[in-house]
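**Q**
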Amino acid sequence: RHTVARWAAEIGLDPDESYDLQLALGEAAANAAEHAYRGAAEPGRMQVHLARRGATRIAVSVRDGGRWRPPPADRGHRGRGLQLI
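All residue numbers for the sequence shown refer to my numbering, where the first residue is 96 and numbers rise by one.
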């Protein structure tokens with residue numbers, strides 16, 4: 096989060112936009128960690144990339160090398176990260 100906040104400040108995002116970026120990126124990273132590597136014998140790697148595209152666009156990607164695990168039938172109070180993103 097600190098790195099993303101610093102990057103956002105360097106490119107001139109206002110605090111609300113920086114917060115939204117951190118929230119969406121955090122949810123994407125949490126999804127990758129939980130769904131790709133949950134129960135794996137070894138911890139996996141995750142790559143996060145941020146880039147500014149022109150004056151008004153930001154490109155964000157979160158990549159992992161794990162395998163997707165579908166959400167449970169009963170999500171309970173969890174499982175809304177992709178909707179949030």
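Ideal placement from N, C-alpha and C gives every residue a C-beta, glycine not left out.
Values in this document were obtained by computation on a predicted structure and should not be read as measured data.
1. Applying the 10 Å Cβ sphere with the 16-neighbour rule, what's the burial state of A127?
2. What's the gap between the Cα of A124 and the Cα of V155?
3. Nearest to R140 by CA position, among A131, D109 and T151, is which residue?
4. By Cβ distance, which residues of its chain are closer than 8 Å to S113, with the 5 residues on each side in sequence left out?
5. Let me make sure I understand the geometry here. Which of R162, G149 and I153 has the alpha-carbon closest to that of L120?
6. Is Q142 closer than 8 Å to R158 when the C-beta atoms are compared?
**A** So, from the data block:
1. Locating residue 127 in the sequence shown gives position 32, where the first residue counts as 1. Per the 10 Å Cβ criterion, buried.
2. Mapped onto the sequence shown, residue 124 falls at position 29. Mapped onto the sequence shown, residue 155 falls at position 60. Approximately 11 Å, taken between the alpha carbons.
3. For this step, residue 140 is matched to residue 45 along the sequence shown. It is A131 whose Cα lies nearest to the Cα of R140.
4. Position 18 of the sequence shown, counting from 1, holds the residue named residue 113. Excluding the 5 residues flanking it on each side, S113 has same chain C-beta neighbours closer than 8 Å at V99, A100, A103 and A104, in chain order.
5. For the purposes of this step, residue 120 is taken as the residue at position 25 of the sequence shown. Closest option to L120, Cα to Cα, is I153.
6. Here residue 158 refers to the residue found at position 63 when the sequence shown is read from its first residue. Here residue 142 refers to the residue found at position 47 when the sequence shown is read from its first residue. Here R158 is near Q142, since their CB atoms are less than 8 Å apart.
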